[in-house]
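Peer 1: Sharing a structure here in C-alpha coordinates format.
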Amino acid sequence: MKRNKVSHAALTLLLVTAGNILYAAAVKLFLLPAGLLTGGTTGISLAVRHFTGFDLSGFILVFNVLMLVLGWFLIGRSFAMTTIVSTFVYPLSLKLLDRTLGDIILTRDILLCTVFSGLGIGLALGIVIRSGASTGGMDIPPLILNKYFRIPVALSLYIFDFIILLLQAAYSPTEKILYGLLLVLIYTVVLNKVLTVLPDTHHMLHQKTDHRDARPAAGAQ
(Lines of atoms letter the chains of each structure in order from A and count residues from 1; the text may use other names and numbers.)
(Lines give C-alpha, C1' and ligand atoms only; values in the text may rest on other atoms or scores of the structure.)
Protein backbone atom coordinates (compact mmCIF):
# COMPACT_ATOMS: atom_id res chain seq x y z
CA MET A 1 0.00 0.00 0.00
CA LYS A 2 2.76 2.42 1.00
CA ARG A 3 4.78 1.51 -2.09
CA ASN A 4 1.72 2.16 -4.25
CA LYS A 5 1.30 5.62 -2.74
CA VAL A 6 4.96 6.47 -3.33
CA SER A 7 4.79 5.21 -6.92
CA HIS A 8 1.60 7.16 -7.52
CA ALA A 9 3.09 10.35 -6.08
CA ALA A 10 6.18 9.95 -8.28
CA LEU A 11 4.04 9.34 -11.38
CA THR A 12 1.86 12.34 -10.61
CA LEU A 13 4.90 14.57 -10.10
CA LEU A 14 6.40 13.37 -13.39
CA LEU A 15 3.19 13.94 -15.36
CA VAL A 16 2.46 17.35 -13.85
CA THR A 17 6.02 18.48 -14.51
CA ALA A 18 5.92 17.17 -18.09
CA GLY A 19 2.55 18.85 -18.68
CA ASN A 20 3.81 22.23 -17.50
CA ILE A 21 6.99 21.97 -19.57
CA LEU A 22 4.89 21.13 -22.64
CA TYR A 23 2.65 24.11 -21.86
CA ALA A 24 5.68 26.41 -21.67
CA ALA A 25 7.07 24.99 -24.93
CA ALA A 26 3.79 25.59 -26.79
CA VAL A 27 3.69 29.17 -25.53
CA LYS A 28 7.34 29.87 -26.32
CA LEU A 29 7.52 28.21 -29.74
CA PHE A 30 4.12 29.05 -31.20
CA LEU A 31 1.96 31.44 -29.17
CA LEU A 32 4.47 34.19 -28.46
CA PRO A 33 6.11 34.35 -31.93
CA ALA A 34 2.67 34.77 -33.53
CA GLY A 35 1.50 37.33 -30.96
CA LEU A 36 -1.64 35.32 -30.28
CA LEU A 37 -4.28 36.16 -27.70
CA THR A 38 -5.08 33.60 -25.03
CA GLY A 39 -6.91 33.23 -21.74
CA GLY A 40 -5.82 32.32 -18.24
CA THR A 41 -2.76 33.54 -16.40
CA THR A 42 -0.74 33.68 -19.61
CA GLY A 43 -3.31 36.00 -21.16
CA ILE A 44 -3.25 38.34 -18.15
CA SER A 45 0.55 38.34 -18.26
CA LEU A 46 0.57 39.22 -21.96
CA ALA A 47 -1.71 42.19 -21.30
CA VAL A 48 0.39 43.33 -18.33
CA ARG A 49 3.58 43.02 -20.39
CA HIS A 50 2.06 45.10 -23.18
CA PHE A 51 0.94 47.92 -20.89
CA THR A 52 3.83 47.92 -18.40
CA GLY A 53 6.73 46.04 -19.99
CA PHE A 54 6.81 43.63 -17.02
CA ASP A 55 8.67 40.36 -17.68
CA LEU A 56 6.19 37.69 -18.82
CA SER A 57 7.45 34.68 -16.86
CA GLY A 58 8.22 36.87 -13.84
CA PHE A 59 4.65 38.14 -13.66
CA ILE A 60 3.26 34.62 -14.12
CA LEU A 61 5.35 33.42 -11.18
CA VAL A 62 4.26 36.28 -8.92
CA PHE A 63 0.60 35.89 -9.91
CA ASN A 64 0.70 32.11 -9.45
CA VAL A 65 2.19 32.43 -5.98
CA LEU A 66 -0.47 34.96 -4.97
CA MET A 67 -3.21 32.65 -6.24
CA LEU A 68 -1.59 29.69 -4.45
CA VAL A 69 -1.66 31.56 -1.14
CA LEU A 70 -5.26 32.62 -1.78
CA GLY A 71 -6.24 29.04 -2.57
CA TRP A 72 -4.46 27.77 0.53
CA PHE A 73 -6.52 30.00 2.84
CA LEU A 74 -9.86 30.00 1.01
CA ILE A 75 -10.02 26.49 -0.48
CA GLY A 76 -7.75 24.45 1.75
CA ARG A 77 -4.30 23.00 2.21
CA SER A 78 -5.01 19.78 0.31
CA PHE A 79 -5.99 21.73 -2.80
CA ALA A 80 -2.97 24.00 -2.53
CA MET A 81 -0.69 20.97 -2.42
CA THR A 82 -1.96 19.89 -5.86
CA THR A 83 -1.12 23.33 -7.24
CA ILE A 84 2.42 23.87 -5.94
CA VAL A 85 4.24 22.11 -8.80
CA SER A 86 2.41 24.00 -11.55
CA THR A 87 2.81 27.28 -9.67
CA PHE A 88 6.57 27.15 -10.10
CA VAL A 89 7.34 24.73 -12.95
CA TYR A 90 5.40 26.56 -15.69
CA PRO A 91 6.91 30.07 -15.28
CA LEU A 92 10.40 28.70 -14.59
CA SER A 93 10.20 26.44 -17.67
CA LEU A 94 9.04 29.40 -19.75
CA LYS A 95 11.99 31.48 -18.53
CA LEU A 96 14.45 28.63 -19.15
CA LEU A 97 13.14 28.01 -22.66
CA ASP A 98 13.30 31.72 -23.40
CA ARG A 99 16.96 31.82 -22.40
CA THR A 100 17.98 28.59 -24.15
CA LEU A 101 15.98 28.98 -27.36
CA GLY A 102 16.32 32.75 -27.68
CA ASP A 103 14.52 34.17 -30.72
CA ILE A 104 14.13 30.85 -32.53
CA ILE A 105 11.04 30.74 -34.77
CA LEU A 106 9.76 27.43 -36.14
CA THR A 107 7.18 29.01 -38.43
CA ARG A 108 5.83 32.46 -39.24
CA ASP A 109 2.51 31.05 -40.45
CA ILE A 110 -0.03 32.36 -37.94
CA LEU A 111 -2.51 29.54 -38.66
CA LEU A 112 0.12 26.88 -37.97
CA CYS A 113 1.09 28.69 -34.77
CA THR A 114 -2.56 28.81 -33.71
CA VAL A 115 -3.11 25.11 -34.38
CA PHE A 116 0.09 23.91 -32.70
CA SER A 117 -0.42 26.27 -29.75
CA GLY A 118 -3.90 24.87 -29.27
CA LEU A 119 -2.75 21.27 -29.58
CA GLY A 120 0.16 21.76 -27.18
CA ILE A 121 -1.75 23.75 -24.56
CA GLY A 122 -4.78 21.44 -24.67
CA LEU A 123 -2.62 18.33 -24.30
CA ALA A 124 -0.56 19.93 -21.52
CA LEU A 125 -3.60 21.01 -19.51
CA GLY A 126 -5.20 17.61 -20.01
CA ILE A 127 -2.13 15.80 -18.67
CA VAL A 128 -1.96 18.01 -15.58
CA ILE A 129 -5.67 17.82 -14.77
CA ARG A 130 -5.89 14.08 -15.49
CA SER A 131 -3.06 13.57 -13.00
CA GLY A 132 -5.31 14.96 -10.29
CA ALA A 133 -3.45 18.27 -10.07
CA SER A 134 -4.28 21.88 -10.85
CA THR A 135 -2.53 24.31 -13.17
CA GLY A 136 -3.00 27.05 -10.59
CA GLY A 137 -3.19 30.73 -11.50
CA MET A 138 -6.57 31.65 -12.95
CA ASP A 139 -7.94 28.18 -12.19
CA ILE A 140 -8.23 29.23 -8.55
CA PRO A 141 -10.68 32.22 -8.57
CA PRO A 142 -13.49 30.15 -10.20
CA LEU A 143 -13.01 27.43 -7.56
CA ILE A 144 -13.26 30.03 -4.79
CA LEU A 145 -16.43 31.50 -6.32
CA ASN A 146 -17.88 28.01 -6.60
CA LYS A 147 -17.11 27.17 -2.96
CA TYR A 148 -18.52 30.34 -1.43
CA PHE A 149 -21.18 31.47 -3.91
CA ARG A 150 -22.06 28.24 -5.78
CA ILE A 151 -21.22 29.81 -9.12
CA PRO A 152 -20.45 27.03 -11.64
CA VAL A 153 -16.71 26.68 -12.28
CA ALA A 154 -17.12 26.42 -16.06
CA LEU A 155 -19.19 29.61 -16.16
CA SER A 156 -16.61 31.55 -14.14
CA LEU A 157 -13.78 30.25 -16.30
CA TYR A 158 -15.51 31.38 -19.49
CA ILE A 159 -16.29 34.81 -18.04
CA PHE A 160 -12.73 35.35 -16.80
CA ASP A 161 -11.28 34.19 -20.12
CA PHE A 162 -13.63 36.51 -22.00
CA ILE A 163 -12.50 39.48 -19.89
CA ILE A 164 -8.84 38.53 -20.35
CA LEU A 165 -9.31 38.28 -24.11
CA LEU A 166 -11.00 41.69 -24.10
CA LEU A 167 -7.95 43.20 -22.36
CA GLN A 168 -5.73 41.90 -25.14
CA ALA A 169 -8.23 42.83 -27.84
CA ALA A 170 -7.84 46.48 -26.82
CA TYR A 171 -4.42 46.59 -28.48
CA SER A 172 -4.67 43.73 -31.01
CA PRO A 173 -5.74 43.81 -34.68
CA THR A 174 -8.98 42.07 -35.61
CA GLU A 175 -7.15 39.19 -37.29
CA LYS A 176 -5.22 38.38 -34.11
CA ILE A 177 -8.44 38.48 -32.09
CA LEU A 178 -10.06 35.94 -34.41
CA TYR A 179 -7.02 33.66 -34.27
CA GLY A 180 -7.05 34.01 -30.49
CA LEU A 181 -10.65 32.81 -30.36
CA LEU A 182 -9.70 29.90 -32.62
CA LEU A 183 -6.82 29.06 -30.29
CA VAL A 184 -9.10 28.95 -27.25
CA LEU A 185 -11.55 26.75 -29.17
CA ILE A 186 -8.80 24.33 -30.24
CA TYR A 187 -7.25 23.87 -26.83
CA THR A 188 -10.68 23.49 -25.22
CA VAL A 189 -11.59 20.69 -27.65
CA VAL A 190 -8.20 19.00 -27.23
CA LEU A 191 -8.40 19.31 -23.43
CA ASN A 192 -11.83 17.67 -23.34
CA LYS A 193 -10.61 14.90 -25.63
CA VAL A 194 -7.52 14.26 -23.48
CA LEU A 195 -9.64 14.08 -20.33
CA THR A 196 -11.81 11.49 -22.07
CA VAL A 197 -9.00 9.35 -23.47
CA LEU A 198 -6.25 9.41 -20.81
CA PRO A 199 -6.69 7.15 -17.76
CA ASP A 200 -7.19 8.75 -14.36
CA THR A 201 -4.05 8.07 -12.32
CA HIS A 202 -6.02 8.28 -9.05
CA HIS A 203 -8.49 5.69 -10.33
CA MET A 204 -5.62 3.44 -11.44
CA LEU A 205 -4.08 3.63 -7.95
CA HIS A 206 -7.35 2.65 -6.25
CA GLN A 207 -7.81 -0.25 -8.66
CA LYS A 208 -4.34 -1.60 -7.88
CA THR A 209 -4.85 -1.14 -4.14
CA ASP A 210 -8.26 -2.82 -4.17
CA HIS A 211 -6.81 -5.70 -6.19
CA ARG A 212 -3.95 -6.23 -3.74
CA ASP A 213 -6.28 -6.02 -0.72
CA ALA A 214 -8.74 -8.45 -2.27
CA ARG A 215 -6.18 -11.21 -2.88
CA PRO A 216 -5.61 -12.15 0.81
CA ALA A 217 -9.34 -12.00 1.45
CA ALA A 218 -10.02 -14.33 -1.46
CA GLY A 219 -7.37 -16.74 -0.17
CA ALA A 220 -8.90 -16.74 3.31
CA GLN A 221 -12.26 -17.81 1.96
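In terms of full-length UniProt numbering, the sequence shown opens at residue 1 and continues consecutively.
Here a beta-carbon is modelled for each residue, glycine too, at the ideal position from N, C-alpha and C.
Counting only the same chain and skipping the five closest in sequence on each side, list residues whose C-beta sits under 6 angstroms from that of residue 129.
Peer 2: Sequence index remark: in the sequence shown, residue 129 carries index 129 (1-based). Cβ within range, chain order: n/a, list empty.
Peer 1: Straight-line CA distance for residue 169 to residue 181?
Peer 2: One-based indexing of the sequence shown puts residue 169 at position 169. One-based indexing of the sequence shown puts residue 181 at position 181. Those two C-alpha atoms are separated by around 11 angstroms.
Peer 1: What is the DSSP secondary structure of residue 86, counted as helix, strand or coil?
Peer 2: By 1-based counting over the sequence shown, the position of residue 86 is 86. In the structure shown, residue 86 sits in a helix (DSSP, three-state: H, G or I).
Peer 1: Is residue 77 helix, strand or coil when you go by DSSP?
Peer 2: Counted from its first residue, the sequence shown places residue 77 at position 77. Helix at residue 77.
Peer 1: Quick one, which of 47, 101, 66 has its alpha-carbon nearest residue 88's?
Peer 2: As a first step, residue 88 is located in the sequence shown; it is residue number 88 there, counting from the start. Cα-wise, what sits closest to residue 88 is 66.
Peer 1: Count the other C-beta atoms from every protein chain shown that fall within 10 angstroms of the C-beta of residue 138, then say buried if there are 16 or more, exposed otherwise.
Peer 2: Here residue 138 refers to the residue found at position 138 of the sequence shown. Buried, by the Cβ-count rule.
Peer 1: Determine the DSSP secondary structure at residue 54, reduced to helix, strand or coil.
Peer 2: Translated into the one-based positions of the sequence shown, residue 54 becomes position 54. Residue 54: coil per DSSP, three-state reduction.
Peer 1: Determine the direct distance from the alpha carbon of residue 72 to that of residue 79, and round the result to whole angstroms.
Peer 2: Residue 79 sits at position 79 when you count from the first residue of the sequence shown. Residue 72 sits at position 72 when you count from the first residue of the sequence shown. So the two alpha carbons sit approximately 7 angstroms from each other.
Peer 1: Going by C-alpha distance, which of 155, 145, 35, 134 is nearest residue 107?
Peer 2: Here residue 107 corresponds to residue number 107 of the sequence shown, with the count starting at 1. Among 155, 145, 35, 134, the Cα nearest to that of residue 107 is on 35.
Peer 1: Taking the alpha-carbon positions, what's the residue 37 to residue 3 distance?
Peer 2: The count along the sequence shown starts at 1 and reaches residue 37 at position 37. The count along the sequence shown starts at 1 and reaches residue 3 at position 3. Each residue's Cα considered, the two are about 44 angstroms apart.
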